[in-house]
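Read the structure below first, then the notes.
Number of protein chains: 2
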Amino acid sequence: MFIMMNKEHNEHMAVSGIPTDMKLLDIHEAARFLRVSEVSVRRYTKSGALRCLRVGGRRERRFEREDLEAFVGANSPTRALAEASKPIGAAQPTLGPADVAAPEFATIEGMPVPWGRHLCQLYETDRGRVQMTVPFLNDGLNAGDACFLIASEPARAHLIEALRRVRGDLGPDIEAGRLRVIDHAQNGSAMLAALDEAFGAAMEEGFGKLRLVGDMAWFLDQGLSGDELVNFETRYDRQIGHSYPIISLCLYDARRFSGIEILHALKSHADTFDLPLSRFLLR
Amino acid sequence: MFIMMNKEHNEHMAVSGIPTDMKLLDIHEAARFLRVSEVSVRRYTKSGALRCLRVGGRRERRFEREDLEAFVGANSPTRALAEASKPIGAAQPTLGPADVAAPEFATIEGMPVPWGRHLCQLYETDRGRVQMTVPFLNDGLNAGDACFLIASEPARAHLIEALRRVRGDLGPDIEAGRLRVIDHAQNGSAMLAALDEAFGAAMEEGFGKLRLVGDMAWFLDQGLSGDELVNFETRYDRQIGHSYPIISLCLYDARRFSGIEILHALKSHADTFDLPLSRFLLR
DNA sequence: TCACGAAGATCAGCATTGATAATCAATGAC
DNA sequence: GTCATTGATTATCAATGCTGATCTTCGTGA
Numbered sequence: 001m002f003i004m005m006n007k008e009h010n011e012h013m014a015v016s017g018i019p020t021d022m023k024l025l026d027i028h029e030a031a032r033f034l035r036v037s038e039v040s041v042r043r044y045t046k047s048g049a050l051r052c053l054r055v056g057g058r059r060e061r062r063f064e065r066e067d068l069e070a071f072v073g074a075n076s077p078t079r080a081l082a083e084a085s086k087p088i089g090a091a092q093p094t095l096g097p098a099d100v101a102a103p104e105f106a107t108i109e110g111m112p113v114p115w116g117r118h119l120c121q122l123y124e125t126d127r128g129r130v131q132m133t134v135p136f137l138n139d140g141l142n143a144g145d146a147c148f149l150i151a152s153e154p155a156r157a158h159l160i161e162a163l164r165r166v167r168g169d170l171g172p173d174i175e176a177g178r179l180r181v182i183d184h185a186q187n188g189s190a191m192l193a194a195l196d197e198a199f200g201a202a203m204e205e206g207f208g209k210l211r212l213v214g215d216m217a218w219f220l221d222q223g224l225s226g227d228e229l230v231n232f233e234t235r236y237d238r239q240i241g242h243s244y245p246i247i248s249l250c251l252y253d254a255r256r257f258s259g260i261e262i263l264h265a266l267k268s269h270a271d272t273f274d275l276p277l278s279r280f281l282l283r
Numbered sequence: 001m002f003i004m005m006n007k008e009h010n011e012h013m014a015v016s017g018i019p020t021d022m023k024l025l026d027i028h029e030a031a032r033f034l035r036v037s038e039v040s041v042r043r044y045t046k047s048g049a050l051r052c053l054r055v056g057g058r059r060e061r062r063f064e065r066e067d068l069e070a071f072v073g074a075n076s077p078t079r080a081l082a083e084a085s086k087p088i089g090a091a092q093p094t095l096g097p098a099d100v101a102a103p104e105f106a107t108i109e110g111m112p113v114p115w116g117r118h119l120c121q122l123y124e125t126d127r128g129r130v131q132m133t134v135p136f137l138n139d140g141l142n143a144g145d146a147c148f149l150i151a152s153e154p155a156r157a158h159l160i161e162a163l164r165r166v167r168g169d170l171g172p173d174i175e176a177g178r179l180r181v182i183d184h185a186q187n188g189s190a191m192l193a194a195l196d197e198a199f200g201a202a203m204e205e206g207f208g209k210l211r212l213v214g215d216m217a218w219f220l221d222q223g224l225s226g227d228e229l230v231n232f233e234t235r236y237d238r239q240i241g242h243s244y245p246i247i248s249l250c251l252y253d254a255r256r257f258s259g260i261e262i263l264h265a266l267k268s269h270a271d272t273f274d275l276p277l278s279r280f281l282l283r
């Protein structure tokens, strides 16, 4: 009683001009916002469906309003990028992110990987670039998944050639829409939109599972900055990577990225840490 | 005086040299920002987990927004290897006396970490350098462990100053041999020998537990190559890091190392992957 | 209709947190 | 200069949130 009064008191008091825009909600307030139990809120964050921050030695959950609103709207994947009017007042009866309902696994080098994961892989030689990705794509093509590939030039030819070598002629796969090479866009936003579009189209064509391999050096080849790359990955992680039945594998050539960029790459692919990370650090 | 010193790296400087965006929050505002009580804010600062400035003869706490934002961590599983550290074999029957003493843990940001681990931590701002290490060393000094520090110059003074700020005068710790600043050697082999010597000496003096914090930029400052660094870390991992009751925390400033070097740093600290890695990727 | 997954409720152990009190010294208003 | 207020420090104690577990209910789809 006293506590609540304490918390809701003076929220809008712009004391001394300090921007109070960063309003964090605790788990109780978040649960009330979503009209679910606190237990469910914990489940959402644990599964990665709902983003949350942590504070203190007890690692209590803190939520930003923006994330809660995004979670409510996460029901319509194809419109994941539309950030127009979102009715936040009346909660929709069935809220449930797509990845919560994906009970199947793909296999990457023997590791079971659930769908809806956004992973990164670091490598430092050309061989490392294809070592994990080619089997991953080959498995997907065999399983009838829609497989997407993004890469700029030396890497693109290298990946395609390596895939062709284990699979033979790729013509049938391409014609059937199982293998799609996506041209990299001019900037991150355009690429996000293109991916959202491509994934939505594949789903409508009846593909139940998607796979993406992206060699992120295309970003550098477009002359884009590291900041823009972080921005792209963060938005992909929040808006797309967990909203489709897709496994996204982002490749980082450690020879081409700086230490800071590698650090940012790791931080924006937290899903990878649920798996044995050492398997994703290739030669 | 604290204030001026701390703002030397701020980009947004007005002509006067005083940063324009320097909005200090008092403890009440900081507590409201984090959605915790003022008592907790005081606890955070006392442990060194949250940086604060002091003003006036009453040493009132003042906070920078950036410090508060850095304190709010990302979501990540909190389970640490309480279970994973157990021997893989079946249930142990009766244990010998040596085994009874074994099951002890240190605590790093709430994570239980067994002794004998060789961990790495990546950071990209000066703030990140001290965020995890200062509480780690402070805990060790409080517990009576022997704490070793290796760093070359800008980092060394920064770490010592940050530790002094939460702990007060370090003279007693140094005189009692609890805190030892080790001069970096000319090359990796000499450093390995020096560390082996220093650890053995501390053990003979009766210290039961050791802690090491090393900012690996000293390697670069010695003009040594990345290959030599890998070699050093690999040998440390094999020969020393697991042979003493020590927790070794190696810091990598992502601003100073290349992508390949960061990749190698990760690969040579596989112990880190047993813990929630995202907690070791700091800002 | 049955099976399945999600949601909700509950239990336990545990460490942190929040509230409160007492003391002390600096601050700010008069 | 006085004097009430504020914040620091230390301490105690109850409440809260986290983790993991089990169990039941509910709605949907096979």
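Note that the protein sequences, when read in sequence, are chains F and V. Its first residue numbered 1, the first sequence is counted upward by one per residue in my numbering. Its first residue numbered 1, the second sequence is counted upward by one per residue in my numbering. Using N, Cα and C, we set each Cβ at its ideal position, and we do this for glycine too.
Taking all protein chains in view, the Cβ of F/M111 is surrounded by fewer than 16 other Cβ atoms within 10 Å, so the residue is classified as exposed. Residue environment for F/D227: exposed (fewer than 16 other C-beta atoms within 10 angstroms of its C-beta).
According to DSSP, V/P112 shares a beta bridge with V/T107.
Taking V/W115 as reference, the option from V/D253, V/L263, V/I240, V/L251 with the minimal CA-CA separation is V/I240.
For F/S248, the enclosing beta strand (DSSP E) begins and ends at 246-253. Not flagged as an interface residue toward chain F: V/L119, since no C-beta distance is shorter than 8 Å. The C-beta of V/I260 comes closer than 8 Å to at least one C-beta of chain F. Rounded to whole angstroms, V/L249 and V/V113 show a C-alpha spacing of 11 Å. Chain V has no Cβ within less than 8 Å of the Cβ of F/E233. From the listed residues V/L275, V/L263, V/V130, V/G214, the smallest Cα separation to F/G128 is found for V/L263. When C-alpha distances from F/D173 are compared across F/R156, F/A151, F/D139, the shortest belongs to F/D139. Setting aside the 5 residues that flank it on each side, F/T45 is surrounded in the same chain by R51, C52, R61, each with a C-beta closer than 8 Å to its C-beta; the list follows chain order. By the Cβ neighbour-count rule, V/R59 is exposed, with fewer than 16 other Cβ atoms within 10 Å of its own. By the C-beta density criterion, V/V213 is buried, having at least 16 other C-beta atoms within 10 angstroms. In the structure shown, the three-state DSSP call for F/D215 is strand.
By the rule that beta-carbons nearer than 8 Å mark a contact, V/L195 does not touch chain F. As the crow flies, the alpha-carbon of V/L170 is around 6 Å from that of V/R164. Per DSSP, V/E204 is one residue of the alpha helix (DSSP H) stretching across 188-204. Here the alpha carbon of V/G56 sits roughly 28 Å from the alpha carbon of V/T125. Closest in alpha carbon position to F/G177, among F/S47, F/E261, F/K209, is F/K209. Judged by beta-carbon spacing, V/I160 lies beyond the 8 Å limit of V/R211, meaning their Cβ atoms are not closer than that value. Close CB contacts of V/A198 within its chain, under the 8 Å cut and outside five residues either way in sequence, are with F148, R180, I182 (chain order).
Taking 8 Å as the threshold, the shortest C-beta distance from F/E124 to chain V falls below it.
Residue pairing by DSSP puts F/Y123 in a beta bridge opposite F/D253.
Identification of chain V residues near F/R165 by a Cβ-Cβ cut-off of 7 Å yields none; the smallest Cβ-Cβ distance measures about 26 Å.
When secondary structure is reduced to three states using DSSP, F/R35 falls in the coil class, being assigned neither helix nor strand. Closer than 8 Å to the CB of F/T133 there is not a single CB belonging to chain V. Listed in chain order, the alpha helix (DSSP H) runs fully inside the region 128-196 of chain F are 133-143, 153-167, 171-175, counting runs of at least 4 residues. Taking each of V/N142, V/P135, V/E153, V/S152 in turn and checking the Cα distance to V/A162, the smallest one comes out for V/P135.
Within chain V, the C-beta atoms nearer than 9 Å to that of F/A254 come from S258, G259, I260, E261, I262, L263, H264, in chain order. Closer than 8 Å to the CB of V/N138 there is not a single CB belonging to chain F. Listed by position along chain V, the residues whose Cβ is nearer than 8 Å to that of F/P276 are F273. F/D221 has its alpha-carbon roughly 10 Å from the corresponding atom of F/R256. Proximity to V/G223 across V/S40, V/A270, V/L251, V/S152 peaks at V/S152, based on C-alpha coordinates. Taking the Cα of V/R65 as reference, the smallest distance to any Cα among V/F33, V/H184, V/M132, V/V41 is reached at V/F33.
Taken in chain order, the members of the region 50-70 of chain F whose beta-carbon sits within less than 7 Å of a beta-carbon on chain V are R51, C52, L53, R54, V55, G56, G57, R59, R62.
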